[in-house]
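First the structure, in the form of structure tokens, and then the observations on it.
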Amino acid sequence: MQWWGVWALLIVGVTIVAYGWLSDRVRAKREAAAIPDGGPQPAYITEVTPAEADLDPKRRAEIEGLLADAPQIDACLPDPSFVTDRPNAWAVLDRPVVLACSGRIELIRDLLPVVSKANAAQRPLVVLAAGFSTEVLRDLAANAATGTLRNLPLTVSEAELAKAAELTGSQVVPIADLHAGYLPDDTLGTATLWVSDAATSWVVAGEQG
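Sequential numbering of the sequence shown, starting at 2, is according to my numbering.
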């Protein structure tokens, strides 16, 4: 009986050591795969092909004329996969719903209420936030590429977020409200036309409601 007890202790000890080693390996792999803030986006995002073709030259010239007098904000594209007009490297959305969020969006489920509202209105979606997780960008890029939801996530500073909210008639939504699923209709804004490139966004003829 004593020897059985010794063997049992040895087996338990070896099992614990092996589990700890395996856990450390898994953790190390996950950390190695993580993309730090400001780092390059993984290939599965940048290789997504937009669903929409480039703009018609006549429409492009019309937009160029509109942008000459349009208000600008420092809101940049997080990834080129959202570009819909390659000659100008623009992302162009007509009559989008606009969400202005004061925090970093880490979970795609936090966007489900606004996605539902945009789909119900049959309008594209602009999301302004301090930043986005890789998972959120991946899901939004996939939806944009397949045409499931035309959308545009943009990273902005706090000052530029307030400016964008004023231009679009939206209210800045705390990230805690998104976590809770609290998103009244009057918090969302809109615009007649939204155009963004790698450094700048233009808001054309903002509407209310």
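Glycine included, every Cβ here is placed at the ideal spot set by N, Cα and C. Remember, predicted model here, so these are calculated numbers, not experimental data.
Report, in whole angstroms, the separation of the C-beta atoms of residue i and residue j, which I expect to be a contact under 8 Å.
i, j, result
"P58", "A192", "Contact flag wrong, Cβ pair sits at about 23 Å."
"G170", "P114", "Not really, about 18 Å apart at Cβ, beyond 8 Å."
"L189", "K118", "7 Å"
Do you know how far the Cα of residue j is from the Cα of residue i?
i, j, result
"A35", "A76", "Residue placement at A35 is flagged as unreliable, the pLDDT there being 34, under the threshold of 50; a coordinate-derived value is accordingly withheld."
"V128", "P154", "5 Å"
"L94", "T85", "9 Å"
"A121", "N89", "31 Å"
"L138", "W203", "21 Å"
"A145", "E167", "26 Å"
"A160", "L56", "31 Å"
"A163", "T147", "31 Å"
"W91", "E136", "23 Å"
"I74", "A165", "7 Å"
"V174", "R105", "11 Å"
"D111", "H180", "5 Å"
"P185", "Q172", "10 Å"
"A69", "V116", "31 Å"
"D80", "A200", "11 Å"
"R61", "R151", "19 Å"
Give me the residue from the options with the minimum Cα distance to residue i.
i, options, result
"V205", "G66, L56, D55", "G66"
"I109", "A143, R124, Q123", "A143"
"A101", "A92, S82, F133", "F133"
"S82", "L141, V116, L112, V157", "L141"
"V157", "P72, A131, R151", "A131"
"D198", "P72, L78, E63", "L78"
"P125", "E63, V99, D80", "V99"
When DSSP builds the beta bridges, which residues end up paired with residue i?
i, result
"I74", "S202"
- Item | Sequence ranges, alpha helix (DSSP H) only - wholly within the segment 83-164, length at least 4 | 113-122, 135-147
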